[in-house]
Amino acid sequence: MQTVKKKTIMPNVDLTCITTDKFKAGYITINFISPLSKATAAKNALLFRVLRRGTLNYPDMESISARLDSLYGASIEAINRKKGEAQCVGLAADLIDDSFVPVGENILENTIALMGEMILAPVTHGGLLTAEYVESEKANLIDSIKSQKNDKINYAVDLMIRSMCQDEAYSVPRLGTESSVSQITPQSLTKHYKELIAGSKVEIIYVGSGSLSRVEAALLNALSALPRRNEATLVTTDIVLTPKKPGNEVTDRMDVNQGKLTIGYRLGKSMLSPNYAALSVFNAVFGGAVTSKLFMNVREKLSLCYYASSIIEKHKGIMIVYSGVDFGNFAKALDEITRQLDAVKSGEITDWELDSAKKSVVTSLKSRLDSASGLEDIYFDNAVADIAVSPEELAVLAGAVTAQEVSAIASNVELDTIHYLTEKGDDQK
Amino acid sequence: MKLKKYEAIGEEVYTETLSNGLNIFVVPKKGFSKKYAFFATNYGGADRRFKVGDTWIDTPEGVAHFLEHKMFDTKDGNALAELSANGASPNAFTSSDMTAYYFQCIDKFEENFKILLSFVSVPYFTPESVAKEQGIIGQEIGMTDDQPGYSIYYSLMKCLYSYNPLRDSVAGTVESIGQITDKTLYDCHKVFYHPSNMALCVVGNVDPDEIVKTAREILPDTRGQYPERDYGSTEPDGVSSPRFERAMDVGMPMFMIGFKHPGDTQGEALQKTTYVANLALEAVAGSSSPLYSRLYSDGLINKQFGTEFETVTNRSHCVLSGESRDPEAVLSALTEEILKVSKNGIDSGLFSRLKKAYTGLVLRNFNSFDSICYNVATAYFKGYDAFQAIDALNSVTKNDVEEYIRENLTPEKCAMAVISPKNSQ
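These protein sequence lines map, in sequence, to chains W and F.
Numbered per the numbering used here, the first sequence finishes at 429, counting up by one with no gaps.
Numbered per the numbering used here, the second sequence finishes at 425, counting up by one with no gaps.
If you want it as structure tokens, here you go:
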């Protein structure tokens, strides 16, 4: 049995409690939501990494780790998600269900209490977050920023978005930039900390066997000192924008063996009143599934690449196509991707393609309901985007999407930016 | 079918061995709508030289992985598309010692299950389809060549092993896969894809008897021969080379430190050794060890740091990996800590906490359908019962772990691979 309940437990603090006995380990996230901006992204990214370092009762890493070990290897980590132009930072805990450990361990209460301590009772010196932890986590954050380029697929997507959305908050990287991180001081971070925990909307998502009243009581106990203003900072995203320079081509060079072709599109008018079920099915028909036009043609028929897929960022109203191809095949791959999108636009969708796409959307939705982190992700997405449709309802709606609806979405798609990640010229090696 | 209940991890398992030698495991999961089927063969990238009858056969690098791609082709089309069109999410992977095909679905499990059993057991290759796949896999190799995580792993394997084919990439090279023909694929399928060399695991709300019935109907009735494999000359206890370093376009230096575990451990002894070795790594360098705190505070490691005991083919090794501005400093601090723990032993408070934390980790391993299947198949191929995990863990003593550290985490068994950033803009 699974029940989903949503309740405002403090001013601007909402708890979504998904009670289920399916899992051996539960999952809980506490998220502070604020507008994504150049001025605060790095501080947001840094803050919970610093708070995770030590509390009044557990002042250093060794004592925190020892505490987590004694909670049967519970883990608490800083999280940082970008949902459209909202930045959502906080803590996530993965905890063994109390039914698998001796009675009285109260892993749920103890883990939530430790999360509360990290948020509200960090180690301070003279009222400021400890300089030692701030500096050490600044260095780690800068390392993380530098290491992003190790994953060439995601790095290429990041580079594309930075060009495509350069005048929008969406282009701000969720980790901030090296220079913005290096400018942070214990003073500026402490000031930001106080501002963020008092002024932002808080979304808490819990998945596990605990009842709403048990989880609520544990949270109220742990967060009783959380400062709350009457009004939370408003967070909005421009999701209906027109490309400024349609087909703008951007090239970046790196020391790579394989090229990455990444294309950004705007979903246009489809985002005026988004039909999420139809958007998902469109994506699966075009490039999101193994039966999609991109997979079947760009990979299987032409063997141009190992992967060519599309994803939809519903929080921002854009679609991204990404693929890895030989440098010499960029033009061929771009042509084929464009041809396949045109085919969807003109309604060339077979029954098999539509039916397969719908099933793929339904299966992936329902499968996510069978994992604790999958459930968290869906309900967190819904909370941020203020979507009231449950995943079960969405699955039913997806099953009823028509070819006309799919092709209507494709017709509204507008090409924005084409990004090439290619090898260095001979003089640059 | 035989039913066995495992209370410590809250699971029950049905097992059956068919007359063709196939072992079937069914793990019922009430309350889940997802169903998961996993069909694996005890054959991977390292199984390149093997004996059929009296003849030793050598195959190019990358055949097992190539075969994995091509198995989805059927006489009537493509099973990947067929399964997806039927609402399943299918996939497959090849490691150095296993190839597995799996899908998850919500509806039409029975139909999808039949497709799985059938496409894995009935090969269909043509020279044209092999040629086309050389293009796709060539791109996959190009992609992985750009992934520092792959590169550093194989660099470490080359440092640890002198002869074992674990040294080489599972996918092979563009040149080696160029030598693969449809005949190579048919031959290797015949040798390694008979039911007695495979394991089948199903997780979800299914009828165990129906699973067995379907498997009997679809799979061949005959037993195959267990193919004897050759993993090269006997490995020395020491490493092949203590260091490897190369430059790539990465943001931060990456390191991977390995310790070569001696000899060939199998069965229940291996299951216990896995926990002994993992606890040894946790005690020396895990997140609640004094060394970890020190290295983290000094900025020598970050959250990417992790440890693992890995068993592949007939070999095992301990791996510690991460990112660091100064990998050599990490290695020397680690060496020093190992000496200290070897001499003074492990703090008993730390040891009992580590065991508690590890209990949580083992339980988590039985939380997701894919990790249950992977663990079951691995355990079966290596000769132990995956569901006895908690008992095996509980049998480990502090003394076992201290002895492991003293005997196995020694300098002559240790190697480090490093990938440093290219100093260009």
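Glycine is no exception: its CB is placed at the ideal position from the N, C-alpha and C atoms.
query	result
Just reading off the beta strand (DSSP E) that Q2(W) is part of, what are its end residues?	Q2 to M10
Taking only beta-carbon atoms, is Y306(W) less than 7 Å away from chain F?	yes
Chain F partners of T363(W), CB-CB under 7 Å?	G87, A88, S89, C105 and I106
Beta-carbon separation of L128(W) and P186(W) under 7 Å?	yes
What did DSSP end up calling A25(W) once you bin it into helix, strand or coil?	strand
Buried or exposed for R52(W), please, with buried defined as at least 16 other CB atoms from any protein chain shown within 10 angstroms of its CB.	buried
Where K314(W) and V123(W) are concerned, what is the direct C-alpha to C-alpha distance, given to the nearest angstrom?	39 Å
In this structure, does DSSP put I378(W) in helix, strand or coil?	helix
Using a beta-carbon distance below 7 Å, is L361(F) in contact with chain W?	yes
Rounded to the nearest angstrom, what separates V13(F) and V27(F) at their Cα positions?	5 Å
Since I136(F) meets chain W, which of its residues come closer than 7 Å, beta carbon to beta carbon?	R299, S303 and Y306
Determine which residues of the segment 253-267 of chain W have a Cβ less than 7 Å from any Cβ of chain F, and write them out in chain order.	M254, D255, V256, N257 and Q258
So, does the CB of E85(W) fall closer than 7 Å to a CB anywhere in chain F?	no
How is Q388(F) classed by DSSP in three states: helix, strand or coil?	helix
What did DSSP end up calling M252(F) once you bin it into helix, strand or coil?	coil
Check whether the segment 158-176 of chain W and the segment 258-265 of chain F are in contact - that is, three or more C-beta pairs closer than 8 Å.	no
So the alpha helix (DSSP H) S147(W) belongs to, where does it begin and stop?	A131 to S147
Is it right to say G44(F) is buried, meaning 16 or more other beta carbons lie within 10 angstroms of its own, or is it exposed?	buried
Measure the C-alpha to C-alpha separation of Y124(F) and K75(F) and round it to an integer number of angstroms.	6 Å
If distances are taken between C-alpha atoms only, which option among G77(F), A100(F) and T234(F) comes closest to S371(F)?	A100(F)
Considering only DSSP beta bridges, list what V250(W) is partnered with.	H419(W)
Can you tell me whether L234(W) is buried or exposed? The criterion is at least 16 other CB atoms within 10 Å of its CB, across all chains shown.	exposed
Determine, using beta carbons only, whether K149(W) comes closer than 7 Å to chain F.	yes
With a threshold of 7 Å between beta carbons, is T181(F) in contact with chain W?	no
If the cut-off is 7 Å on Cβ atoms, which residues from the segment 132-157 of chain F count as contacting chain W, listed in chain order?	K132, G135, I136, Q139, E140, G142, M143, D145, D146 and P148
List the residues of chain W that N302(F) touches, going by C-beta distances under 8 Å, in chain order.	N140, D143 and S144
Got a sec? Which residues, its chain only, sit under 6 Å from E109(W) by beta carbon, not counting five neighbours each side?	A218
Against chain F, does S356(W) count as a neighbour if the rule is that its beta carbon must be under 7 Å from one of theirs?	yes
Hey, Y163(F) and G232(F) are a contact pair by Cβ (cut 8 Å); roughly how many whole angstroms apart?	3 Å
Once the 5 residues before and after F380(W) are set aside, which same chain residues still bring their CB inside 6 Å of it?	I205
Considering only residues of the same chain and omitting the five flanking positions on each side of L83(F), which have a CB-CB separation below 7 Å?	P90, F103, N112 and I115
On the DSSP bridge assignment, give the partners of I204(W) in chain order.	L15(W) and I30(W)
I need the DSSP call for P173(W), collapsed to helix, strand or coil.	coil
In angstroms, rounded to a whole number, what distance separates the CA positions of S65(W) and E77(W)?	11 Å
Below 8 Å CB to CB, which residues in the same chain sit around G299(F) once its five sequence neighbours on both sides are set aside?	R325
Can you find a C-beta in chain F that's less than 7 Å from the C-beta of Y72(W)?	yes
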